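If you're matching them up, the sequences are chains A and B in order. Quick note on numbering: this note's numbering labels position 236 of the first sequence as 280, and the sequence is numbered without any gaps. Quick note on numbering: this note's numbering labels position 34 of the second sequence as 78, and the sequence is numbered without any gaps. Before any comments, here is the structure.
Number of protein chains: 2
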Amino acid sequence: MPATAQQRQTSAVPQTGEAARRAIRRGDWTGPTSGLAPGYVQGNLAILPAALASDFMRFCQLNPKPCPLLAAGAPGDPHLPSLGNDLDIRTDVCRYKVYRNGELIDEPDDITEHWRDDLVIFALGCSFSFEDALLQDGIELRHITNRTTVPMYRTSIQTTPAGPFHGPLVVSMRPLKPADAIRAVQITTRFPAVHGAPVHLGMPELIGIKDIMKPDWGDPPDMHSDEMPVFWACGVTPQSVVMTMKPEFCITHYPGRMLVTDRKNSEFAIM
Amino acid sequence: MPATAQQRQTSAVPQTGEAARRAIRRGDWTGPTSGLAPGYVQGNLAILPAALASDFMRFCQLNPKPCPLLAAGAPGDPHLPSLGNDLDIRTDVCRYKVYRNGELIDEPDDITEHWRDDLVIFALGCSFSFEDALLQDGIELRHITNRTTVPMYRTSIQTTPAGPFHGPLVVSMRPLKPADAIRAVQITTRFPAVHGAPVHLGMPELIGIKDIMKPDWGDPPDMHSDEMPVFWACGVTPQSVVMTMKPEFCITHYPGRMLVTDRKNSEFAIM
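Now the structure itself:
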């Protein structure tokens, strides 16, 4: 796997999910988790009160491409043993965002003080896993080459609503040569648990993207003349949906600081 | 499977490969074979002298996308038992084209008189099989809707040469909505024995196609504004290559009159 910026910075990069979580828990790792524990699944995090949990879980099931549910916790339980034996969600992510009624109230590096008996953890697959598979196949991912953030766009495609959860699909975009786009469809189809195949390619206007150079999140793309935009459902979708409905209380990971698990990306390949 | 024009014309359409070949052998079926024996593999046919056979077989192996070899015969043997127990290539295709030194010398409905002790049969997969899979998935194929011939183009992509066989890749094009193009990549990837996944999509100029409305073979496309061109390697490639090198002797099927086999399309799905 090509080394990422983070990997090149230090020779002491934790190589397993468990080692990564321990380094994070000790405060030895505070930066973006890209390149940490290569080959291990990293996840998007959403923590919601139990009163909203069943609707949110239903929302994930109805919208598996933007919201591929890796694991959900029991109410009040800060552990997710299916993703890591020792995993404690209160301490094992570098940085969090804590919202009350949709307002950001804190960005702590530990949520022990915010924990409540009714909170439910949701860990959702993230694009790092399929990007890993694309890089291993020799496909260049421009935002990684350029060390920028992948561009993300709000689309005109609506998610399927569940209870109070509703809103547009958010997509991430990677410019690829047509033959690589075809290969990328093949590769990412193998990983439905981490967004799976693209939802769209070429012609951004057909999904409501007016200006490809003006993403709603991330950096503007660096797209060559022999490349087409390829769009994947993005884990920002559930975050965007949750923020829109302004839940009484909610915690997410800080962008780029994901939950690192003990599961291998290869475990999630369906063939 | 949606009924094709041919199926709708008559209720006496043979439903199996064997029944189709018998009807052809008796002269009861003389038209295009599209829609005949639904679900059974149909093949492109090339018959060459043994002196050229090993180079041609190597050409097929080097270029599996345009030349997916279903079966090759023994020198002088007009049978291909792996594709049909009773199959006799001299009588079992509706119409043939016979070439001497690259010149068309006959278009018979039987090649018994042309048969020689040194001829080798090559049966190559054809797009009917993957089109069947696309139609079954509910993807509209415009040239079938419009009852026209799929547009085909000579590209700037070169095949890998073998002995005297060399020349450009020929592709067929089907206009599809982006989401259908992604689905089509997934579906046709399952069928490497019948051209497999597309070789290109969008941006025809990148593969040397100057005017998409002017195909080198077939009818101009009917492409809607929300569709992109999707290109598959085409079985016309080996025919074009063979014609270019002007073999001393060669027989092919007449366009649209394919070899109907006893093998099911589903047998060739790799998963």
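Each residue gets a CB set at the ideal place from its N, CA and C atoms; glycine is no exception. Remember, predicted model here, so these are calculated numbers, not experimental data.
State buried or exposed for residue i, treating a residue as buried only when at least 16 other CB atoms are found within 10 Å of its CB.
i: D176 of chain A; result: buried
i: M257 of chain B; result: exposed
i: P125 of chain B; result: exposed
i: A49 of chain A; result: In this prediction, A49 of chain A has a pLDDT of 47, which is less than 50 and means its spatial position is unreliable; what the coordinates show is noted afterwards. By the neighbour-count rule (16 or more Cβ atoms within 10 Å), A49 of chain A is not buried but exposed.
i: D270 of chain B; result: exposed
i: I226 of chain A; result: buried
i: I314 of chain B; result: exposed
i: H187 of chain A; result: buried
i: D306 of chain A; result: buried
i: Q283 of chain B; result: buried
i: Y84 of chain B; result: buried
i: W73 of chain B; result: buried
i: M45 of chain B; result: Residue placement at M45 of chain B is flagged as unreliable, the pLDDT there being 40, under the threshold of 50; the coordinate-derived value follows with that caveat. Exposed, because fewer than 16 other Cβ atoms sit within 10 Å of the Cβ of M45 of chain B.
i: G21 of chain B; result: Residue 21 of chain B lies beyond the residue range present for chain B, which begins at 45 and ends at 315; the question has no answer from this structure.
i: E147 of chain B; result: exposed
i: G246 of chain A; result: buried
i: S200 of chain B; result: exposed
i: H65 of chain A; result: This sequence places Arg at residue 65 of chain A; His is not what is there. R65 of chain A comes out buried.
i: K141 of chain A; result: buried
i: E311 of chain A; result: exposed
i: R52 of chain A; result: In this prediction, R52 of chain A scores a pLDDT of 43, lower than 50, which makes its location untrustworthy; the coordinate-derived value is nonetheless stated afterwards. Counting Cβ neighbours within 10 Å, R52 of chain A comes out exposed, since fewer than 16 surround it.
i: L168 of chain B; result: buried
i: A56 of chain A; result: exposed
i: S98 of chain A; result: exposed
i: S216 of chain B; result: buried
i: I37 of chain A; result: Here chain A covers residues 45 to 315 and nothing more, so residue 37 of chain A does not appear.
Tell me, which residues are paired with residue i by DSSP?
i: N129 of chain B; result: DSSP output for N129 of chain B lists no bridge partner at all.
i: P212 of chain A; result: A:Q202
i: G87 of chain B; result: B:G169, B:L303
i: W73 of chain A; result: Note: W73 of chain A sits in no beta bridge, so no partner.
i: M272 of chain B; result: B:L220
i: Y197 of chain B; result: B:V215
i: I314 of chain B; result: DSSP, once it has assigned bridges, lists no residue as partnering I314 of chain B.
i: C294 of chain B; result: B:Y143
i: L185 of chain A; result: Beta-bridge pairing links L185 of chain A to no other residue.
i: K308 of chain A; result: A:Y84
i: L250 of chain B; result: Bridge partners of L250 of chain B: none, in fact.
i: H244 of chain A; result: A:F275
Nearest to residue i by CA position, among the options, is which residue?
i: P82 of chain B; options: B:F312, B:A313, B:V304; result: B:V304
i: V280 of chain B; options: B:L106, B:D99, B:T296, B:L127; result: B:T296
i: P219 of chain B; options: B:V194, B:S171, B:N129; result: B:V194
i: K109 of chain B; options: B:I231, B:S171, B:D153, B:M267; result: B:S171
i: M272 of chain A; options: B:I165, B:L185, B:P222; result: B:P222
i: P112 of chain A; options: A:F100, A:V238, A:S173; result: A:V238
i: P208 of chain B; options: B:G120, B:T288, B:G87, B:L127; result: B:T288
i: A63 of chain B; options: B:E292, B:L89, B:V137; result: B:V137
i: T203 of chain B; options: B:A90, B:F103, B:I91, B:N88; result: B:F103
i: D161 of chain B; options: B:P212, B:H244, B:M302, B:F293; result: B:F293
i: L92 of chain B; options: B:D154, B:G120, B:R70; result: B:G120
i: I165 of chain B; options: B:W261, B:A115, B:D130; result: B:A115
i: Y197 of chain A; options: A:G262, A:A95, A:D130, A:M101; result: A:G262
i: P264 of chain A; options: A:R191, A:T232, A:K308, A:H244; result: A:R191
Just to make sure I have the definition right: I need the residues of chain A whose C-beta is within less than 7 Å of the C-beta of residue i. Which are they?
i: V229 of chain B; result: I226, V229, Q230
i: D250 of chain B; result: Residue identity check: residue 250 of chain B is Leu in the sequence provided, not Asp. Going along chain A in sequence order, the residues near L250 of chain B (Cβ under 7 Å) are P222, D270.
i: T233 of chain B; result: Q230
So residue i contacts chain A; which residues on that side make the cut at Cβ distance below 8 Å?
i: V243 of chain B; result: A223, I226
i: M217 of chain B; result: What M217 of chain B touches in chain A: nothing, since even the nearest Cβ is about 13 Å away.
i: M315 of chain B; result: M315
i: M247 of chain B; result: P222, D270, M272
Given that residue i touches chain B, what residues does it touch there, using C-beta distances under 7 Å?
i: L220 of chain A; result: By Cβ distance, chain B contributes nothing, its closest Cβ being about 10 Å from L220 of chain A, past 7 Å.
i: G169 of chain A; result: Chain B residues near G169 of chain A: none, gap ~18 Å exceeds 7 Å.
Is there at least one non-hydrogen atom of the ligand NAD closer than 7 Å to the beta-carbon of residue i?
i: P208 of chain A; result: As for the ligand NAD, it is missing from this structure, which has no ligand bound.
Residues of chain B with a CB under 9 Å from the CB of residue i: which are they?
i: G83 of chain A; result: What G83 of chain A touches in chain B: nothing, since even the nearest Cβ is about 24 Å away.
Check whether chain C comes within 8 Å of residue i, counting only Cβ atoms and requiring the distance to be less than that.
i: I256 of chain A; result: Although the question refers to chain C, the structure presented lacks it and instead comprises the protein chains A and B.
Just to confirm the assignment: which complete alpha helix (DSSP H) runs, minimum length 4, are found wholly within the segment 90 to 173 of chain A? The qualifying runs are 94 to 106.
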